[in-house]
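Using the working numbering, the first residue of the sequence shown is number 1, and each one after it goes up by one. Step one of this worksheet: look at the structure below.
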Amino acid sequence: MMRFLLFVLLLLAAGAAALAWGYTAFEAPGPASKNGPETVVLIPLGTGTHRIAQILSDAGTVSNPLVFEAGARLYGKTALLHAGEFAIPSQASMSDIVAILVLGHSIQHKLTAAEGLTSQMIVDLIKADPVLVGDVGPTPDEGTLLPETYLFTRGTTRAEIVARMRKADDEVLSRLWASRAQGLPFTTPREAVILASIVEKESAIPSERRHVASVFVNRLRLKMRLQSDPTIIYGLTKGYPLGHGIRQSELTGVTPYNTYAIDGLPPTPICNPGKDSIAAVLNPAVTKDLYFVADGNGGHVFAPNAALQNANVAQWRKLEKLKSQIVPLSTPDLRR
């Protein structure tokens, strides 16, 4: 009887020692990262605890996968471990890693679609992203994708990103359309996006977009042609650079988009405008201006009539002549 009791006591002591060792190992600092301050580990969707422990061990973040699995089970965390792509800090304990996987904060990747890109250009960016998966689907209509920086986790599909861009565009347009100014010379949100796309391509300076928008709004009200160079380019190349200045034949050549040759708005947007450009055309500045020309410093000078516009053009040419004596510059359009 005494021998049996001694045997039981020895077993209990061994078990307690094993638990103490396991607890210490579970809470102790883990291996140092081989490269940099962290190790990136990908846990596929549907991976069980045993396999997660082995993945972490193979990545060099866990020294004993059995201890990791046992600890996760002992603390009741196995059902809470998330799949995803995780940055495991150097020397993180197994307890820390369990907490990271329970929180499920996967690494966030990003894709930036800049204002003024066409839908095809944005689709090409999505196709080229090495983290996204799957087919992108057909190229969306021009002006239906909101330029923005989008965060996503590994495994996100390209079609999902397109859907997010479409939804974001719908939401922004709906919100801004509801608070539009009265008496605008267009009647639908789609027409607002068409005009916003022209404003987007005409000015890269946020502070003057409402002023640029006012010029085009005033022209539409007076039934004047918009005479916007970017519409010529879009009609010829779908938004890609011409590779040369606009030629006279291109200026007078009739396309559905050339606003030197057609009345009113072109049939579709010429790019995907950002929210600031959409807001600008829906609440333009109140001016009498009908013209603008480059000021030589990245912005524009505005004029309400042709005489003042001609004077501004002459001033711009003097500036360009002076600059050309130092560094040759390409000549932007002066024909508004």
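C-beta atoms are modelled at their ideal positions from N, C-alpha and C, and glycine is treated no differently.
Would residue i and residue j be called neighbours here (beta carbons separated by less than 8 Å)?
{"i": "D96", "j": "P206", "result": "no"}
{"i": "G30", "j": "S93", "result": "yes"}
{"i": "H82", "j": "L56", "result": "no"}
{"i": "A280", "j": "R221", "result": "no"}
{"i": "S214", "j": "P304", "result": "no"}
{"i": "R164", "j": "H109", "result": "no"}
{"i": "A53", "j": "E38", "result": "no"}
{"i": "A147", "j": "S119", "result": "It is worth fixing the name first, because residue 147 is Pro in this sequence and not Ala. No."}
{"i": "E115", "j": "E202", "result": "no"}
{"i": "I161", "j": "L132", "result": "yes"}
{"i": "G84", "j": "I43", "result": "yes"}
{"i": "W177", "j": "P185", "result": "no"}
{"i": "G235", "j": "P256", "result": "yes"}
{"i": "L145", "j": "A113", "result": "yes"}
{"i": "V41", "j": "T61", "result": "yes"}
{"i": "R158", "j": "K127", "result": "yes"}
{"i": "I278", "j": "L117", "result": "no"}
{"i": "G239", "j": "I232", "result": "no"}
{"i": "L125", "j": "Y150", "result": "no"}
{"i": "R73", "j": "T47", "result": "no"}
Following the continuous alpha helix (DSSP H) through residue i, name the residue where it begins and the one where it ends.
{"i": "T237", "result": "229-237"}
{"i": "K275", "result": "275-282"}
Report buried or exposed for residue i, applying the criterion of at least 16 other Cβ atoms within 10 angstroms of its Cβ.
{"i": "V136", "result": "buried"}
{"i": "V254", "result": "exposed"}
{"i": "P65", "result": "buried"}
{"i": "D170", "result": "exposed"}
{"i": "H244", "result": "exposed"}
{"i": "L290", "result": "buried"}
{"i": "E142", "result": "buried"}
{"i": "L103", "result": "exposed"}
{"i": "L242", "result": "exposed"}
{"i": "P130", "result": "exposed"}
{"i": "Q309", "result": "buried"}
{"i": "P230", "result": "buried"}
{"i": "S106", "result": "buried"}
{"i": "L45", "result": "exposed"}
{"i": "A219", "result": "Checking the displayed sequence, the identity of residue 219 turns out to be Arg instead of Ala. Buried, because 16 or more other Cβ atoms sit within 10 Å of the Cβ of R219."}
{"i": "A192", "result": "buried"}
{"i": "V123", "result": "buried"}
{"i": "V212", "result": "buried"}
{"i": "L282", "result": "buried"}
{"i": "P156", "result": "A small correction: the amino acid at residue 156 is Thr; Pro does not occupy that position in the sequence shown. It counts as buried."}
{"i": "K318", "result": "exposed"}
{"i": "V217", "result": "buried"}
{"i": "V67", "result": "buried"}
{"i": "V286", "result": "exposed"}
Within the continuous beta strand (DSSP E) that includes residue i, where are the two ends?
{"i": "I270", "result": "Segment: none, I270 is in no beta strand (DSSP E) and carries neither H nor E."}
{"i": "L42", "result": "38-43"}
Tell me whether residue i, by its Cβ, gets closer than 7 Å to a heavy atom of the ligand SAH.
{"i": "F86", "result": "Only the bare structure without any ligand can be found here, which leaves the ligand SAH out of the picture."}
Do the region 187-198 and the region 290-306 meet, that is, are 3 or more Cβ pairs less than 8 Å apart? no
Whole runs of the alpha helix (DSSP H) within the region 55-139, excluding any shorter than 4 residues: 65-74, 94-103, 119-128
Evaluate contact between the region 262-274 and the region 284-296, counting only Cβ atoms and requiring at least three cross-stretch pairs below 8 Å. no
Can you list, in chain order, the stretches of the alpha helix (DSSP H) that have 4 or more residues and sit fully within the region 286-333? 306-324
May I ask you to verify whether the region 311-326 touches the region 234-250, counting CB pairs closer than 8 Å and requiring at least 3? no
Any 3 or more C-beta pairs closer than 8 Å across the region 30-39 and the region 69-83: no
Inter-stretch contact (C-beta, 8 Å, three-pair minimum) for the region 254-268 and the region 223-231: yes
Quick one: complete beta strand (DSSP E) runs, 3+ long, within the region 136-174? 149-152
Enumerate, from N- to C-terminal direction, the unbroken alpha helix (DSSP H) stretches of 4 or more residues contained entirely within the region 176-263. 189-202, 209-221, 229-237, 248-252
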